[in-house]
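Undergrad: Protein chains in written order, with my numbering: chain A, 101 to 374; chain B, -9 to 98.
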């Protein structure tokens, strides 16, 4: 087996990984050869993308469509005060390249739809979900299931967060096994309405980065089959099981959904203009 | 038999802000009924119209989803923890979001 040598810069930059049992030279090589797409350059996506860039993930993509707002800076640590008003993707790409100029950073300034999700996901090994809304969450779940790509899931609300890994495969659960149907519109407030503790996405996003790295290096046990619940006020972590649902319409024994659907209609929210 | 019920943030307003409360019952149904009697409104979004559990709110006895146990008839014992977990969508509001447009109202 021939292993591509590290450059001098890489040996220095990744020295603490290369000497770390459980990552080492082979693990660092896998990271350099890997590609991860982070959906959202926001609260969750900021720490996830920063750590993945620093870790040397060879190609790091980031999807967003919004501009940086002053109210983002309380938690979205990818952006700075001088970025207010700029495209989040442009800001994210610049800061990620500043942390690690030796990796490829790809900005995807777009909304995700059924029509572009396959094309956007195709070049990536691992998908990290930091979205805030149910239509995109189900879209991302279904697309990763159909494409057989692992999905690192994270979600936050006020002082509580959740994280897990969905790994498509034989009798493994997906997001629909966890929550088969979205809540009716109006029953679940958004962070914009309910507020969010600024450090919370830092904790959950860092857990997502951890799981993405473990998926790439193959070391350790990921959160697959387990939903990690974090409560910042209690400072407690709890785990519950996520079972594969044999009746799941996407990953069950007899799937009834075999292609992407209209996710706004599914979630009972108005359609988006493309 | 008293069991501990762990409430998600979104339901704590019904219980004076408490993250954990006690309720009594031998089955999950009895525990939830007792919980509702103690903290009116707390289970309003847990039950569906047909009296079952909503599919966008998960209930766990210890670490097991009650959908894979006995649903509302799941037996609970003293010392068990019942956790109520609604689907939450928090994360990046602007991300490829169908609701990101400034001219639209936020979700909910």
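We treat Cβ as the ideally placed atom computed from N, Cα and C, and that holds for glycine.
(1) Please return the same chain residues whose Cβ sits closer than 8 Å to the Cβ of residue 12/B, not counting the five positions on each side in sequence.
(2) Could you please give the first and the last residue of the uninterrupted beta strand (DSSP E) stretch that includes residue 249/A?
(3) How would you write the range of the beta strand (DSSP E) that residue 261/A sits in, first residue to last?
(4) Is there a Cβ from chain A that is less than 9 Å from the Cβ of residue 43/B?
(5) Does the stretch 320 to 333 of chain A come close enough to the stretch 256 to 264 of chain A to have 3 or more Cβ pairs within less than 8 Å?
(6) With DSSP collapsed to three states, give me the class of residue 49/B.
(7) Taking Cβ-Cβ distances shorter than 7 Å, what residues in chain A pair up with residue 54/B?
(8) What does the alpha-carbon distance come out to for the pair residue 121/A and residue 114/A?
(9) DSSP state of residue 117/A, grouped into three classes?
(10) Starting from residue 258/A, find everything on chain B with Cβ-Cβ shorter than 7 Å and list it in chain order.
(11) How about residue 305/A: is its Cβ closer than 8 Å to a heavy atom in the ligand MN?
(12) Taking all protein chains shown into account, decide if residue 161/A is buried (16 or more other Cβ within 10 angstroms of its Cβ) or exposed.
(13) To which residues of the same chain is residue 85/B closer than 8 Å at the C-beta, ignoring the five residues directly before and after it?
(14) Quick one: measure Cβ to Cβ for residue 326/A and residue 341/A, integer angstroms, because I've assumed they're closer than 8 Å.
(15) For residue 337/A, which residues does DSSP report across the bridge?
(16) Note down, in chain order, each residue of its chain lying with its Cβ closer than 7 Å to the Cβ of residue 26/B, except the 5 sequence neighbours on either side.
TA: By the coordinates alone:
(1) Here the question's residue 12/B lines up with position 22 in the second chain. If we look at residue 12/B and ignore the five residues flanking it on each side, its Cβ neighbours are -8, -7, -6 and -5.
(2) As a working note, residue 249/A is residue 149 in the first chain. Where residue 249/A is concerned, there is no enclosing beta strand (DSSP E), given that its DSSP letter is neither H nor E.
(3) Numbered from its first residue, the first chain carries residue 261/A at position 161. 260 to 266 is the span of the beta strand (DSSP E), which, as asked, contains residue 261/A.
(4) Translated into positions along the second chain, residue 43/B becomes position 53. No, because no Cβ of chain A sits closer than 9 Å to the Cβ of residue 43/B.
(5) yes
(6) Translated into positions along the second chain, residue 49/B becomes position 59. DSSP places residue 49/B in strand when its eight states are reduced to three.
(7) Translated into the one-based positions of the second chain, residue 54/B becomes position 64. Within 7 Å Cβ-Cβ: 341.
(8) As a position in the first chain, residue 121/A is number 21, starting the count at 1. As a position in the first chain, residue 114/A is number 14, starting the count at 1. Using only the alpha carbons, I get a separation of about 13 Å.
(9) By one-based count along the first chain, residue 117/A stands at place 17. Residue state, collapsed to three classes: helix.
(10) Your numbering for residue 258/A matches position 158 in the first chain. By Cβ distance, chain B contributes -1.
(11) With respect to small molecules bound, the structure shown includes none, and the ligand MN cannot be examined in it.
(12) Within the first chain, numbered from 1, the residue matching residue 161/A stands at position 61. By the neighbour-count rule (16 or more Cβ atoms within 10 Å), residue 161/A is buried.
(13) Within the second chain, residue 85/B is the residue found at index 95, counting from 1. Legend: pLDDT at residue 85/B = 41, less than 50; position of this residue unreliable, no value from coordinates given.
(14) Taking the first chain and counting its residues from 1, one reaches residue 326/A at position 226. Taking the first chain and counting its residues from 1, one reaches residue 341/A at position 241. Right, the Cβ-Cβ distance comes to about 6 Å (below 8 Å), so this counts as a contact.
(15) Indexing the first chain from 1 puts residue 337/A at position 237. Per DSSP, 330/A.
(16) To locate residue 26/B, count along the second chain from 1; it is residue 36. For residue 26/B, where only same-chain residues beyond five positions count, the Cβ hits under 7 Å are 32 and 33.
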